[in-house]
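Residue numbers (the UniProt record's numbering), protein chains in the order written: chain P, 1 to 338; chain W, 1 to 338.
The block underneath contains the structure these notes are about, expressed in structure tokens.
Number of protein chains: 2
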Amino acid sequence: MAKNSGASTIVDVAERAGVSRQTVTRALNDMVDVSAATRARVIAAAMELNYRPNRAAQNMVHGRRRTVGLVLEDLSNPYFAELASALSRAAAERGWSVLLCDIGGDREKGRAQLASIVAGVDALTLTGCNQDTMDLLPEAVLRGGALGLPLLMLDGADHARLNGRIVLDVDSGITAALDHLVATGRRRIAFIDSESGPDDRRKVYRAYLEGHDLVWPAGTPEISAEESIEGGMEAAEQLVLRAPDVDAALVYNDVMAIGVLKAMSRLHRRVPEDVAVVGIDGLQIGRFVTPELTTLSIDKGELADVALDVLDRLLAGNPAAAGEAKVIGLSLVVREST
Amino acid sequence: MAKNSGASTIVDVAERAGVSRQTVTRALNDMVDVSAATRARVIAAAMELNYRPNRAAQNMVHGRRRTVGLVLEDLSNPYFAELASALSRAAAERGWSVLLCDIGGDREKGRAQLASIVAGVDALTLTGCNQDTMDLLPEAVLRGGALGLPLLMLDGADHARLNGRIVLDVDSGITAALDHLVATGRRRIAFIDSESGPDDRRKVYRAYLEGHDLVWPAGTPEISAEESIEGGMEAAEQLVLRAPDVDAALVYNDVMAIGVLKAMSRLHRRVPEDVAVVGIDGLQIGRFVTPELTTLSIDKGELADVALDVLDRLLAGNPAAAGEAKVIGLSLVVREST
DNA sequence: TGGCGCACCGTGAACGTTCACGGCCGTCCC
DNA sequence: GGGACGGCCGTGAACGTTCACGGTGCGCCA
Chain P
1 MAKNSGASTI VDVAERAGVS RQTVTRALND MVDVSAATRA RVIAAAMELN YRPNRAAQNM
61 VHGRRRTVGL VLEDLSNPYF AELASALSRA AAERGWSVLL CDIGGDREKG RAQLASIVAG
121 VDALTLTGCN QDTMDLLPEA VLRGGALGLP LLMLDGADHA RLNGRIVLDV DSGITAALDH
181 LVATGRRRIA FIDSESGPDD RRKVYRAYLE GHDLVWPAGT PEISAEESIE GGMEAAEQLV
241 LRAPDVDAAL VYNDVMAIGV LKAMSRLHRR VPEDVAVVGI DGLQIGRFVT PELTTLSIDK
301 GELADVALDV LDRLLAGNPA AAGEAKVIGL SLVVREST
Chain W
1 MAKNSGASTI VDVAERAGVS RQTVTRALND MVDVSAATRA RVIAAAMELN YRPNRAAQNM
61 VHGRRRTVGL VLEDLSNPYF AELASALSRA AAERGWSVLL CDIGGDREKG RAQLASIVAG
121 VDALTLTGCN QDTMDLLPEA VLRGGALGLP LLMLDGADHA RLNGRIVLDV DSGITAALDH
181 LVATGRRRIA FIDSESGPDD RRKVYRAYLE GHDLVWPAGT PEISAEESIE GGMEAAEQLV
241 LRAPDVDAAL VYNDVMAIGV LKAMSRLHRR VPEDVAVVGI DGLQIGRFVT PELTTLSIDK
301 GELADVALDV LDRLLAGNPA AAGEAKVIGL SLVVREST
């Protein structure tokens, strides 16, 4: 038996096989300088003790490798999934690892999860996390300071504790989208907002309307809903109810926009004939709904790359990276829904 | 400067601040027994040296924590995303961590990625990986043996090296789906297969047709395509071309089924009036396409739980778990497409 | 028969951190 | 004035593994 309560170590195996640590290492790692008989004895002992090398100890001697945590609320949301995919690939490109943390709906579970994750990472990236989610972070992380592990927001809102932030160029992006809608003859353009996200998108929209003499006579409809397909559906129903003459909708994100598409179909409003729909995010799924969704696309590969660059500089102690907000452009992808 | 080439350590900070290791630990971890002045000096030194505690060393003394790798080909595929979400949550429930590995399309990059991931995990779970993907694993892992790290397939095909496997009960699942189609009056039922996946689903389908006198007069159409929405679209086009009298299609998975839905819409075949469509997987997105997709749903939470159970037993050295194939049931969720 | 080389194996040391303990100095109280 | 105590700090040891080195015994050849 192993003498300590936990798993068995290499010396347990060595003792059982009647050899030294080093011989165990040699036998189990297919190195030279071990006789066949000894190797067999060691392997037998390792199996009997169910020996598993301690990864932490191995990493310790083999030099540090970098691990970055990715915190999100729901990976089954395709936006987060595509972002995670991009981050995983970009991280692999640099030899980093990404630790996944899907905190889900339960706050207390999420808190425990984050506390556990934090012990294993060198930095944390967050996406779609609002103030509530930030509060779930362990107090020691929140406090931050000199030793605090770098926190980077991949999008979404600002927060005092953040060491860096990637913001989307919603300004020119939304302007381009609205230009496009106007160019195709739309005049009653609504904006469907997220009820939890930041309100910068709505602000740009409003400014555009005012700047282009597009303000609704009876007041621009103010619709916002949950950031989900259901939310988009409900918002669309609200919208046509409150503004029957709407002929275009710019939607906070693609997921909600897909809900809008579905609701329009239910309400027998043809897209794009009766009403045009533009989403934001550039999700792949947008190409497969009917009609295919016009969208303001985010290059997630670029976003991931920039994020890792910032983290790299942060971890390297480059103070220039702290607090900086990198800007990512949006590109309008016109498909069938406009 | 740190004397070693890499990052600075706690003793570098200690030397610079003119204190001992332990005092640095105390100062940086908000412990007692440090004077304010000393604490400030230590923090300053840590900042100047950009000190970051070595996670491996910390984990080493604080006892091992379990990390399981999740290997998949493309997280932007919603099936993998939902699986990853479930696994992340189930793992968190047990205090385990999930290391994400989206290997993407590039074989060589994938190989490097896997080699890198393997150094940090205690076990590997795979999903949707065929023989080709398995070959990307490092030779040392493939060889396996006593010390080999446990490999578990979350679904998909068998492989010699696998220590465990979770199989879906396609038998009764597909039977239920076909029963449902027959009960709603369908007689020309096609099956759209994956060109890369295992062929057990098709076999069940064929046996059912033969057992229920549903074999097509001119031969059952054999359609298979890539496991993607595009693949589903192409398959559907093929299908209506080769079998214009088709009135139902059972599709290998939901992602392909969504493609089928889209193609049917393009071909002006109404779903479900002209042709019924049933997918497999139970993806959330199926509720948001039009019409909503009837599907054979997999409980991904259960799948993840079972997977971690198997890994737990495997890591605990329970030989009963090896080679065992746990079975997960499928439940038919009838929505609008049938 | 001495020496050389090879096959096989063992012993510190190191990785970087935390824990348990012990030491020193000043203050306060009896 | 001596003992107790508290604030502050340092020193081994330990976590589990691998690396670099050194050692032993045996065969082979000059």
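Think of the CB as a built atom: it goes at the ideal place given N, C-alpha and C, for glycine as much as any other residue.
Computed from a predicted structure; not experimentally measured.
Return helix, strand or coil for residue i, following the three-state DSSP convention.
i	result
W:Met-31	coil
P:Ile-189	strand
P:Lys-123	At residue 123 of chain P the sequence reads Ala, which differs from the Lys that was named. DSSP places P:Ala-123 in strand when its eight states are reduced to three.
W:Arg-165	strand
P:Ser-88	helix
P:Leu-178	helix
W:Lys-3	Bear in mind that a pLDDT of 39 at W:Lys-3, under 50, signals an unreliable position, so the number given afterwards is only what the model happens to contain. Three-state DSSP puts W:Lys-3 in coil, outside helix and strand.
P:Asp-213	coil
W:Glu-227	coil
P:Leu-332	strand
residue 340 of chain P	Here chain P comprises residues numbered 1 to 338, so residue 340 of chain P is not present and cannot be evaluated.
W:Ser-194	strand
P:Glu-324	coil
P:Val-260	helix
W:Asp-132	helix
W:Leu-283	coil
W:Ser-265	helix
W:Thr-184	coil
P:Asp-200	helix
W:Ala-160	coil
Quick one: give me the first and last residue of the alpha helix (DSSP H) that residue i is part of.
i	result
P:Leu-308	300 to 315
W:Ile-10	10 to 17
P:Ala-249	Per DSSP, P:Ala-249 belongs to no alpha helix (DSSP H); it is in the beta strand (DSSP E), 248 to 251.
W:Gly-110	107 to 118
P:Ile-43	36 to 49
W:Asn-77	Run containing W:Asn-77: none; DSSP gives neither H nor E here.
P:Asn-59	55 to 61
W:Leu-142	139 to 143
Is the distance from the Cβ of residue i to the Cβ of residue j below 8 Å?
i	j	result
W:Leu-293	W:Ala-177	no
P:Pro-138	P:Leu-311	no
P:Ala-84	P:Leu-75	yes
P:Ala-46	P:Val-13	yes
P:Tyr-51	P:Ser-8	yes
P:Tyr-252	P:Asp-193	yes
W:Ala-304	W:Ala-263	no
W:Cys-101	W:Gln-113	yes
W:Val-204	W:Asp-171	yes
W:Leu-308	W:Trp-96	yes
P:Asp-33	P:Arg-39	no
P:Val-167	P:Ala-276	no
P:Gly-120	W:Asn-59	yes
P:Val-42	P:Val-19	yes
P:Gly-301	P:Ala-90	yes
P:Ser-228	P:Glu-195	no
W:Arg-187	W:Asp-247	yes
P:Pro-272	P:Pro-244	no
P:Arg-287	P:Arg-335	yes
Taking residue i as part of the beta strand (DSSP E), name the residues at either end of that continuous run.
i	result
P:Gly-69	67 to 72
P:Leu-100	97 to 102
P:Leu-152	151 to 153
Identify every residue that forms a DSSP beta bridge with residue i.
i	result
W:Val-278	W:Leu-250 and W:Thr-294
P:Glu-234	Per DSSP, none; premise fails for P:Glu-234.
P:Glu-222	P:Phe-191
The ligand HEM and residue i: does the residue's C-beta get closer than 7 Å to at least one heavy atom of that ligand?
i	result
W:Glu-226	Ligands in the displayed structure: none, and consequently the ligand HEM is not present.
Original post:
Which residues, in chain order, does the stretch 272 to 290 of chain P contribute to contact with chain W at a C-beta distance below 7 Å?
Top reply: Gln-284, Ile-285, Phe-288, Val-289 and Thr-290
**OP:** Scan the stretch 304 to 332 of chain W for residues whose Cβ lies nearer than 8 Å to a Cβ of chain P and list them as they occur along the chain.
**Re:** Leu-315, Ala-316 and Gly-317
Original post:
In the stretch 68 to 96 of chain W, which residues sit with their C-beta less than 7 Å from some C-beta in chain P, listed in chain order?
Top reply: Asp-74, Leu-75, Ser-76, Pro-78, Ala-81, Glu-82, Ala-84, Ser-85, Ser-88, Arg-89, Ala-92 and Gly-95
Original post:
At a Cβ cut of 8 Å, what residues of the stretch 109 to 138 of chain P count as close to chain W, listed as they run along the chain?
Top reply: Lys-109, Ala-112, Gln-113, Ser-116, Ile-117, Ala-119, Gly-120, Val-121 and Asp-122
**OP:** With 8 Å as the limit, tell me which residues of the stretch 219 to 250 of chain P have their beta carbon closer than that to any beta carbon of chain W; keep them in chain order.
**Re:** Ile-229
**OP:** With 8 Å as the C-beta to C-beta threshold (strictly closer), list the residues of the stretch 6 to 17 of chain W near chain P in chain order.
**Re:** Gly-6 and Ala-7
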